[in-house]
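Below is one structure, written out as structure tokens, with a few remarks after it.
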């Protein structure tokens, strides 16, 4: 059968129109699926800790994080001070595991003060990239067991009084790819009324920040303002720390300076006998290594 030229053109136009209609339908479906996908802000602080203090971060489900921390410092007015190296050393070994994308648990032990610490973190609110949820919130509950006298801490004879507890609300916002800021209202419940502090209930506000300098290097800082105590003297000083992070995939190296000898979530705020300065006793330098081990295949941070 011979088809005329007008009929042939008509059939061609009809075929093209059908393809365009199908393509438009597919585009509408794709746009709807993308529109229903929520992307969350990622890597506000990269690791579970800013320097010493807890960050808002929780790992993906099935991820284990190993942390090895070191701290070195000199003793003021020490006639036997080392010409090279440091007078004192403290190490910390910690491990954390993410049971879900929102829930992480961890524990650790320090060598210098013999403190065993543990914590639970739950990601209550996650910041969204589209700005509809402008910040994230993580809840933390931690504990520390003091096994011996440490610095200005006097070990109670009663075993139950050697436990102290910390509760935190970690609130953070990632403003852009380079800068993140965190506020941490904190309550400390000491197991005993320490002579140097004189009370068991302590309240503080922690702050932390991270600024990304390049794809692999970032600066971090933190400060803990303890409200109901006198600063200085026997009651100690507020926490202050600075860090430089070198990020190499699943391995992160941090070079830090702080006025705290400790690593656990209670001592770093409550038992700092020296202010942050560059004289002996006021500056504690260290290296923290964080290694991330994935037991499950990672998925994009969306729902």
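Numbering (the working numbering), first residue to last: 23 to 325. No residue lacks a Cβ here, since even glycine has one placed at the ideal position from N, Cα and C.
Along the chain, where does the alpha helix (DSSP H) that runs through residue i open and close?
{"i": "residue 290", "result": "289-292"}
When we look at the beta-carbon of residue i and count the other beta-carbons within 10 Å, is it buried (16 or more) or exposed?
{"i": "residue 177", "result": "exposed"}
{"i": "residue 268", "result": "exposed"}
{"i": "residue 306", "result": "buried"}
{"i": "residue 314", "result": "buried"}
{"i": "residue 73", "result": "buried"}
{"i": "residue 188", "result": "buried"}
{"i": "residue 120", "result": "buried"}
{"i": "residue 310", "result": "buried"}
{"i": "residue 38", "result": "With a pLDDT of only 47 at residue 38, under the threshold of 50, the placement of this residue in the model should not be trusted, and no figure is reported."}
{"i": "residue 215", "result": "exposed"}
{"i": "residue 182", "result": "exposed"}
{"i": "residue 317", "result": "exposed"}
{"i": "residue 209", "result": "exposed"}
{"i": "residue 154", "result": "exposed"}
{"i": "residue 223", "result": "exposed"}
{"i": "residue 308", "result": "buried"}
{"i": "residue 221", "result": "exposed"}
{"i": "residue 79", "result": "buried"}
{"i": "residue 273", "result": "exposed"}
{"i": "residue 198", "result": "exposed"}
{"i": "residue 180", "result": "exposed"}
{"i": "residue 312", "result": "buried"}
{"i": "residue 296", "result": "buried"}
Where does the unbroken beta strand (DSSP E) through residue i begin, and where does it stop?
{"i": "residue 279", "result": "273-280"}
{"i": "residue 311", "result": "306-316"}
{"i": "residue 111", "result": "110-120"}
{"i": "residue 63", "result": "That residue, residue 63, is in no beta strand (DSSP E); it is neither H nor E in DSSP."}
{"i": "residue 188", "result": "185-196"}
{"i": "residue 159", "result": "158-168"}
{"i": "residue 246", "result": "239-248"}
{"i": "residue 131", "result": "125-132"}
{"i": "residue 70", "result": "It is not in any beta strand (DSSP E) - residue 70 carries neither H nor E in the DSSP assignment."}
{"i": "residue 200", "result": "Run containing residue 200: none; DSSP gives neither H nor E here."}
{"i": "residue 141", "result": "137-147"}
{"i": "residue 212", "result": "Neither: residue 212 is in no beta strand (DSSP E) and is coded neither H nor E."}
{"i": "residue 81", "result": "Premise fails: residue 81 is in no beta strand (DSSP E) and is neither H nor E."}
Identify which residue in the options has its Cα closest to the Cα of residue i.
{"i": "residue 85", "options": "70, 205, 164", "result": "70"}
{"i": "residue 167", "options": "150, 185, 151, 157", "result": "185"}
{"i": "residue 280", "options": "271, 259, 273", "result": "259"}
{"i": "residue 67", "options": "230, 317, 270, 118", "result": "230"}
{"i": "residue 204", "options": "63, 318, 228", "result": "228"}
{"i": "residue 146", "options": "190, 274, 273, 131", "result": "190"}
{"i": "residue 88", "options": "61, 78, 162, 127", "result": "127"}
{"i": "residue 277", "options": "290, 193, 243", "result": "243"}
{"i": "residue 265", "options": "252, 251, 233, 117", "result": "233"}
{"i": "residue 112", "options": "132, 162, 200", "result": "132"}
{"i": "residue 92", "options": "108, 245, 192", "result": "108"}
{"i": "residue 15", "options": "223, 199, 62, 180", "result": "The structure shown does not extend to residue 15, since the chain is modelled only from 23 through 325, so no value can be given for it."}
{"i": "residue 207", "options": "312, 114, 201, 248", "result": "248"}
{"i": "residue 116", "options": "124, 76, 95", "result": "76"}
{"i": "residue 192", "options": "198, 162, 201", "result": "162"}
{"i": "residue 319", "options": "83, 65, 64, 60", "result": "83"}
{"i": "residue 245", "options": "294, 200, 198", "result": "294"}
{"i": "residue 332", "options": "312, 94, 275, 292", "result": "There is no way to answer for residue 332, as the model of the chain reaches only from 23 to 325."}
{"i": "residue 164", "options": "195, 64, 130", "result": "130"}
Quick one: measure Cβ to Cβ for residue i and residue j, integer angstroms, because I've assumed they're closer than 8 Å.
{"i": "residue 241", "j": "residue 235", "result": "6 Å"}
{"i": "residue 262", "j": "residue 298", "result": "4 Å"}
{"i": "residue 81", "j": "residue 97", "result": "Not really, about 38 Å apart at Cβ, beyond 8 Å."}
{"i": "residue 143", "j": "residue 160", "result": "6 Å"}
{"i": "residue 251", "j": "residue 219", "result": "6 Å"}
{"i": "residue 238", "j": "residue 270", "result": "7 Å"}
{"i": "residue 149", "j": "residue 141", "result": "The Cβ separation is near 21 Å, so there is no contact."}
Cβ-heavy atom distance between residue i and the ligand NAP below 8 Å?
{"i": "residue 170", "result": "No copy of the ligand NAP appears in this structure; indeed no ligand is present at all."}
### Message
For the structure I just gave you, are there three or more beta carbon pairs, one from the region 133-143 and one from the region 284-302, closer than 8 Å?
### Response
A contact is defined here as three or more CB-CB pairs under 8 Å, and the region 133-143 meets this definition with respect to the region 284-302.
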